[in-house]
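J.: Sequences listed follow chains A and B, in order. Reading the first sequence from the start, the letters are residues 0 to 165 in numbering that gives the first Met the number 0. Reading the second sequence from the start, the letters are residues 0 to 123 in numbering that gives the first Met the number 0.
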Amino acid sequence: MSRGEERVKIIANALVLGGLWLLLSGIYEPLLLAFGAGSVAVVVALMARMDRVDGAAPEWHLKPLAFAAYLVWLLKEIARANWAVTKVILAPHMRLRQHLFAVPVTSRSDLAQVTFANSITLTPGTITIETEPGRFLVHALSYDDATPGELADMDARVAATESRRA
Amino acid sequence: MNWLANAQEILAWGLILSGSAFLLIGAFGIVRLPDFWARLHAASIPDSAGMILLFLGMAVHAGFGLVTVKLVIIGLFLFLTGPTSTHATANAALVSGLRPREGEGLEADEPLELAPDPQPERAP
Chain A
0 MSRGEERVKI
10 IANALVLGGL
20 WLLLSGIYEP
30 LLLAFGAGSV
40 AVVVALMARM
50 DRVDGAAPEW
60 HLKPLAFAAY
70 LVWLLKEIAR
80 ANWAVTKVIL
90 APHMRLRQHL
100 FAVPVTSRSD
110 LAQVTFANSI
120 TLTPGTITIE
130 TEPGRFLVHA
140 LSYDDATPGE
150 LADMDARVAA
160 TESRRA
Chain B
0 MNWLANAQEI
10 LAWGLILSGS
20 AFLLIGAFGI
30 VRLPDFWARL
40 HAASIPDSAG
50 MILLFLGMAV
60 HAGFGLVTVK
70 LVIIGLFLFL
80 TGPTSTHATA
90 NAALVSGLRP
100 REGEGLEADE
110 PLELAPDPQP
120 ERAP
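Right under this line is the structure:
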């Protein structure tokens, strides 16, 4: 990263953090504003130093609109899965069929894979336990024959939000 | 104008109470379910449905303003950290050798290898 880019990034970080402080504080007195400015300066300095040490900026290859549509779909899935697990818990005889199984992952970028893993965990009834190249290990509370198909569908939806194949 | 305020109040409390119900259901689940792996699933109900409904309810109650912005920011934060901490707990159990009891007629897929993650390359 060139010096100029570094400067732009530092200024952008300071603006975002400062804006967040103003938004969250809501109290605009000189003392508190000075505390805010000091905190922002420390964090920006730390972030600049971290960039110099590892240099790996996160990459962001997502289609924003497709991702927003995915989030709406995910909320519906969360509602459905919550209801399913609620029924299991409140039933007089709990129908458990625990299973640990591998789910293939087709999305390439780190961000899409994290999205997929967290989506699996966010929908109650399934938890991502281990991430391996090309597949996740998933634990299901009440596994049935439809479960792998549902997860493959979720995987395809996540992969569709990637803007390019890395 | 009065009926509108009433509707807002009713909607807000409906959301808050149903969110609280899901917190209770999650707690029931943690007590009722038989083992570690099953209990993890009960713990994710308050994390998702409970959290979302409570925050929606509080946002409706507060109306548009600084409070709602804060609620949205906290909600987004929990949306990312909740599943991440669940994953960390489950992964720690897997690495330390705990295996779920399989349902009837099912066989577990084993992890490929449990070696620690390779060290990331260091920039000079």
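All C-beta atoms, glycine included, are put in the ideal place defined by N, C-alpha and C.
Since THR127(A) and ALA145(A) are thought to touch, with beta carbons under 8 Å apart, how far apart are those beta carbons, to the nearest angstrom?
T.: The pair is not a contact, with the Cβ atoms about 18 Å apart (cut-off 8 Å).
J.: What residue from GLY35(A), LEU136(A) and THR120(A) has the CA that sits closest to VAL102(A)'s CA?
T.: Looking at the Cα atoms, LEU136(A) is the closest of the given residues.
J.: Would THR83(B) be called buried (16 or more neighbouring beta carbons within 10 Å of its own) or exposed?
T.: Under this definition THR83(B) is an exposed residue.
J.: Could you compute how far the alpha carbon of LEU32(A) sits from the alpha carbon of PHE76(B)?
T.: Answer to the nearest angstrom: the Cα atoms are 24 Å apart.
J.: At the level of alpha carbons, what is the spacing between ALA158(A) and ARG107(A)?
T.: For ALA158(A) and ARG107(A), the distance between alpha carbons rounds to 8 Å.
J.: Quick check on VAL15(A) - is its C-beta less than 7 Å from some C-beta in chain B?
T.: Not closer than 7 Å to any Cβ of chain B, the Cβ of VAL15(A) fails to qualify, so no.
J.: If the cut is a Cβ gap below 7 Å, which residues of chain A does VAL68(B) touch?
T.: The answer, in chain order, is LEU22.
J.: When the Cβ atoms of the region 87–105 of chain B are set against those of the region 71–80 of chain A, are three or more pairs found closer than 8 Å?
T.: With a cut-off of 8 Å, the region 71–80 of chain A and the region 87–105 of chain B do not count as touching, because too few Cβ pairs lie within range.
J.: DSSP on ARG134(A), reduced to helix/strand/coil?
T.: It is a strand residue.
J.: Let's see if you can read the secondary structure: which residues bound the alpha helix (DSSP H) around ALA61(B)?
T.: Unbroken alpha helix (DSSP H) run through ALA61(B): 50–61.
J.: Please list, in chain order, all residues of the same chain as ALA155(A) whose beta carbon is under 8 Å from its beta carbon, the five residues on each side excluded.
T.: These residues qualify, in order along the chain: THR105.
J.: Cα separation between ARG38(B) and LEU32(B)?
T.: Cα to Cα, the separation comes out at about 6 Å.
J.: From the DSSP output, in three-state form, read off ALA122(B) for me.
T.: Summary for ALA122(B): the model assigns pLDDT 48, below 50, so the residue's position carries little reliability; its value from the coordinates is reported in the next sentence. DSSP places ALA122(B) in coil when its eight states are reduced to three.
J.: Should GLY169(B) and ASP46(B) be called a contact, given that it needs their Cβ atoms to be closer than 7 Å?
T.: Missing from the structure shown is residue 169(B); chain B here goes from 0 to 123 and no further.
J.: Output yes or no for whether 7 Å exceeds the beta carbon distance between VAL49(A) and ASN12(A).
T.: This sequence places Met at residue 49(A); Val is not what is there. No.
J.: Mark GLY35(A) as exposed unless 16 or more other C-beta atoms lie within 10 angstroms of its C-beta, in which case mark it buried.
T.: With 16 or more other Cβ atoms within 10 Å, it is buried.
J.: Checking the sheet assignment: what are the DSSP bridge partners for SER141(A)?
T.: In the DSSP output, where bridge partners are listed per residue, SER141(A) has ARG96(A).
J.: When burial is assigned at 16 or more other CB atoms within 10 Å of the CB, is PRO132(A) buried or exposed?
T.: When all chains shown are included, PRO132(A) counts as exposed.
J.: What is the DSSP secondary structure of ILE126(A), counted as helix, strand or coil?
T.: Strand at ILE126(A).
J.: Is the CB-CB distance between GLY74(B) and PHE54(B) below 7 Å?
T.: Yes.
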